[in-house]
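Everything below concerns the one structure shown next.
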Amino acid sequence: KKLIASCYVEKNVDLFSNDMGKNGFYCEYIKSNDENFILNDINISPFDGDGDFRSPESIELLKKSDIVVTNPPFSLFREYLDQLIKYDKKFLIIANINSITYKEVFGLIKENKVWLGVHLGRGVSGFIVPEHYELYGTEARIDDNGNRIVSPNNCLWLTNLDNFIRHEDIPLTKKYFGNEDEYPKYDNYDAININKTKDIPSDYKGVMGVPITFLHKFNPEQFELIKFRKGMDGKDLSINGKCPYFRILIKNKRLR
57 KKLIASCYVE KNVDLFSNDM GKNGFYCEYI KSNDENFILN DINISPFDGD
107 GDFRSPESIE LLKKSDIVVT NPPFSLFREY LDQLIKYDKK FLIIANINSI
157 TYKEVFGLIK ENKVWLGVHL GRGVSGFIVP EHYELYGTEA RIDDNGNRIV
207 SPNNCLWLTN LDNFIRHEDI PLTKKYFGNE DEYPKYDNYD AININKTKDI
257 PSDYKGVMGV PITFLHKFNP EQFELIKFRK GMDGKDLSIN GKCPYFRILI
307 KNKRLR
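Using the working numbering, the letters of the sequence shown map in sequence onto residues 57 to 312.
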């Protein structure tokens, strides 16, 4: 078994400096028969370039991999995900919650090619940060080993590795009939609005609009994803002229 960890080194963009920074590098650890981890077993090799994931060097490492686990730059998230799909890799990557509103990502989720991991928001264990990083607010802590950790509330795991949550039905305890006032219809689509996943009614056969966080508990055997965000007129879903935050239109498969 082999573990490969690569490092990107940002080039110095100071036009008046002769120091253009160091090259990126990657580490390889091959598990031996000895159960104990030995630091000297790690091979460190430099890249010719900066280690950008789009470089030929990085792509060659990608081709060797079975599973990719990383926190890609959010600004290049679409491009990074597209690369993983292109090379048909299994992956577990950290993404901003709003990434599921990208049409490319939602399309993959709708096709059941990608889904959310087990944890969401502060359920993601967090990032170890260096000493100079200021810790503040409820998102920061120091663990028992002295690691300085920040757990932002806007991250999720995106993956194509199977997990148990996506095979569990969402418990539906609410009823639509008799409580119609709690489920207003959209102006521009024949569907009812639902503000929280826990409020999805068990007796409604039609289309329903749910928050994007619904995807964290989405079971493709229980619900069908119809479309995202837009009504029949191509505009954002609205209720009495007002648009709730992005909604996903779904339908209960158990109530055909």
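A virtual CB, placed ideally from N, CA and C, is assigned to each residue, including glycine.
Rounded C-alpha distance that separates residue i from residue j
i    : j    : result
N235 : N275 : 25 angstroms
A151 : I98  : 29 angstroms
D104 : R285 : 44 angstroms
I282 : K307 : 7 angstroms
D243 : Y301 : 15 angstroms
V174 : N296 : 36 angstroms
L172 : L214 : 5 angstroms
T331 : Y82  : Limits of the chain in this structure are 57 at one end and 312 at the other, which puts residue 331 out of reach.
D237 : V263 : 16 angstroms
T269 : K87  : 39 angstroms
K166 : L212 : 17 angstroms
Exposure of residue i, with buried meaning 16 or more beta-carbon neighbours within 10 Å
i    : result
L59  : exposed
Y143 : exposed
N168 : exposed
G287 : buried
G193 : exposed
P257 : buried
Y232 : buried
Unbroken beta strand (DSSP E) run spanning residue i, endpoints
i    : result
F284 : F279 to F284
L214 : C211 to T215
V266 : V263 to P267
K82  : In the sequence on display, residue 82 carries Tyr and not Lys. Per DSSP, Y82 belongs to the beta strand (DSSP E) from F81 to I86.
G173 : W171 to L176
G102 : Residue identity differs from the one stated: residue 102 is Pro in this sequence, not Gly. P102 -> beta strand (DSSP E) spans I98 to P102.
F147 : K146 to N152
N249 : A247 to N249
First through last residue of the alpha helix (DSSP H) which encompasses residue i
i    : result
I141 : F133 to K142
Coarse secondary structure for residue i, derived from DSSP in three states
i    : result
I123 : strand
D225 : coil
R197 : strand
V161 : helix
K307 : strand
S294 : coil
P300 : coil
P240 : coil
Item checked: Inter-stretch contact at 8 angstroms, needing at least 3 Cβ pairs: the region 265-282 / the region 208-227 -> yes
Checklist line | At least three beta-carbon pairs within less than 8 angstroms, the region 189-204 to the region 126-138 | finding: no
Notebook entry, point to check: Hey, is the region 116-135 in contact with the region 236-254, meaning 3+ C-beta pairs nearer than 8 angstroms?
Noted result: no
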